[in-house]
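Numbering (the working numbering), first residue to last: 814 to 1526.
A virtual CB, placed ideally from N, CA and C, is assigned to each residue, including glycine.
In this text, all values refer to a predicted model and were calculated from it rather than measured experimentally.
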Ligand code: AMP
Ligand code: MG
């Protein structure tokens, strides 16, 4: 059950044009992303639905339209009103009587009163929000006529997670749905009528038509709607619910899991009269289909905790822990592919079109039917005309004949094989070549690269220039991507002067780390946020972190991260944040301070520029990638002979500033002193020495990790 497009309608019976809360909302989800529309009137919404159906049919796609009002009435109603116990008979009946103006004035109350007159007693319909009385429409709930139930079977099945569908009989009051039913069904009935057999209504007519209408119930996602509204102040719940529900159906459809929802749990005759909520009883499946990145999740307070008693953590274990602790923290937005370079996909990008869309020729040459050729010299008369890219030949090439064909031209009818022009001779009347030719030679099959509907790029993938070619070729014009990660960078230390070149006292040094870390963040495709420098004063550091937590999604600090007297950052994070100091068995690098400050992750790097760089490359880069919605990143190194000697002790991993000499051997910076900043620029990468002991002589193979492989620019 695959629908390339899903539309979810939140209907409204408002008496005048209206936008925002309690007006008509339309959520649209397709492989290209999610959007919402807010037509001010029912007539506007109806026109939009007609356009949507026409557009879908023209594109040869399928559309699921979910509407949030009852498609049927409790058993007994349809038969009493129309003589037939079928919901669609009621649709006809209502469409013939309910009127609506372009200004949103509907006569649904009068129609409800007419219906009431068909039943003994005062009901079943009741409720009137207008000052003016409508005769035969009671304001208060009357006794139900004998034989009519308050609820449908599906309203009861839809009671999940606290959701309570209201009875269709109630036309006014908080949460009432009856007026939506009476104003909405005629709109859907006209949609059916306009598109003949192309639009079917489930569960009354099956779900195989190109466009399927189904009743949906947004309250199944009420927890997610609340969370989304809390995360996006100003968003109306109506918009949130159509977006979320459309997303959930579209995702289940893309995963091939929608079929289950189209199985209703009740008897056929009840279904035909009452209908069924698509997803009733499957609330969890719908909720589970929502992308984890829709609302940025918060990191758990204890996400960086190390088990008690761990003294020194090997690098690989520290990396594995980071990998397990971090989740994407940025929100998601939808944008055109033309603006998406460097962005991380939050949802799979699914091909809207096959590549190639049609079978075509891979070369310039002559096309013909393979079956009519054999071995030895072949002479095939040429048909008039030719096939070129963008200029298809619309005739038929008979068996035994050939046609001039150019690269990229769609194979005309009768052609399944092409011979290269260099392998033929022609006198203008016929083409001659040596057989046999391989079947389908020099042709490209439709969809041989990617078929429509296939996942072209998966969520988590960062878009690079070549990906733009792929997405564009597949007709994907919009993607849902993670918002760029905002990386705050803060330097600490009484000795630091933040302004390059500013007057300095003998005991002061210029801030080297902040420009470096901001540069790394920018080079990795993130949004660098300069949080400046603060002195070693807990109150100032706290204020800077407060500012950082509102402006950035993650904060990198440098300096003060160890456990000594002057290590104010770790002290502050320990007392006011949720610090975990990881003593990592590596050189250079003292403890890595990991914490949450007001829910925002803080990565406390060593103050030493050499150690700060190494820690940022080894730990910071993969951590930021996960926070940004991307995949875990490991630098790709390679083995080269050493051009140096060194005896390395067991028990810690070492990173040396290194570059390749003319012979391709790794030479290392003369001094391992971690204050030697010039070594960072001298180097073109790092040599990584394993945790175990190692005796290195010239020629011993060592692992070289070029700066490039860390994305350093
Ligand atoms: P700390 O981690 O604060 O103990 O600092 C270790 C060393 O790194 C000290 O020599 C600091 O002066 C130096 N340092 C700290 N922050 C910076 C910085 N932003 N730029 C250059 N050096 C720094
Ligand atoms: Mg310091």
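- When the beta-carbon positions are compared, residue 980 and residue 971 stay at least 9 Å from each other.
- At least one heavy atom of ligand 1 sits closer than 8 Å to the Cβ of residue 1325.
- It is roughly 5 Å from the alpha-carbon of residue 985 to the alpha-carbon of residue 940.
- In the displayed model, residue 1207 falls within coil according to three-state DSSP, outside both helix and strand.
- Here DSSP, grouped into helix, strand and coil, assigns residue 964 to coil.
- Excluding sequence positions up to five before and after residue 1321, its CB lies within less than 7 Å of the CB of 1308 and 1310, all in the same chain and listed in chain order.
- Around the C-beta of residue 1072, fewer than 16 other C-beta atoms lie within 10 Å, and the residue is accordingly described as exposed.
- The continuous beta strand (DSSP E) containing residue 1472 extends over residues 1466-1473.
- Looking at the DSSP output, residue 1407 shares a beta bridge with 1393 and 1416.
- One thing to note: residue 841 has its Cβ within 9 Å of the Cβ of residue 865.
- Taking 4 residues as the shortest admissible run, the segment 833-870 contains no complete alpha helix (DSSP H) segment at all.
- Taking each of 818, 1291 and 832 in turn and checking the Cα distance to residue 1051, the smallest one comes out for 832.
- With the rule of 3 Cβ pairs closer than 8 Å, the segment 1036-1044 does not count as touching the segment 926-941.
- Between the segment 879-888 and the segment 1077-1093, the count of C-beta pairs closer than 8 Å reaches three or more; the two stretches touch.
- Annotation: residue 1499 to residue 1335 spans about 21 Å, alpha carbon to alpha carbon.
- Closer than 8 Å to some heavy atom of ligand 1: that describes the Cβ of residue 1346.
- Residue 1320 carries a coil assignment under DSSP once its states are collapsed to helix, strand and coil.
- Taking C-beta atoms as the reference points, residue 1272 and residue 1380 fail to come closer than 9 Å.
- In this model, residue 1298 and residue 1024 are separated by some 39 Å (Cα to Cα).
- Residue 1339 sits in coil when the DSSP states are folded into three classes, being neither helix nor strand.
- Bounds of the alpha helix (DSSP H) holding residue 1130 are 1128-1138.
- In the three-state DSSP reduction, residue 1480 falls in the strand class (E or B).
- At a Cβ-Cβ threshold of 9 Å, residue 1067 and residue 815 count as neighbours.
- For residue 820, the enclosing beta strand (DSSP E) begins and ends at 818-823.
- Where residue 1460 is concerned, the enclosing beta strand (DSSP E) starts and stops at 1459-1461.
- Ligand 1 approaches residue 1380 closely enough that one of its heavy atoms is under 8 Å from the residue's Cβ.
- Residue side-chain check: residue 1308 places its Cβ nearer than 8 Å to a non-hydrogen atom of ligand 1.
- Across the structure, residue 1421 and residue 1404 are spaced so that their CA atoms are roughly 12 Å apart.
- Within the chosen limit of 8 Å, ligand 1 reaches the beta carbon of residue 1374 through at least one heavy atom.
- By the 16-neighbour rule on beta-carbons within 10 angstroms, residue 1032 is buried.
- Excluding the 5 residues flanking it on each side, residue 1262 has same chain C-beta neighbours closer than 6 Å at 1168, in chain order.
- The residue from 861, 872 and 879 with its alpha-carbon nearest to that of residue 819 is 879.
- Listed as beta-bridge partners of residue 1517 by DSSP are 1451 and 1500.
- Residue 1463 counts as exposed, since fewer than 16 other beta carbons sit within 10 angstroms of its beta carbon.
- Pairing residue 1348 with residue 1401, the inter-Cα distance amounts to about 24 Å.
- At a Cβ-Cβ threshold of 9 Å, residue 1175 and residue 1239 do not count as neighbours.
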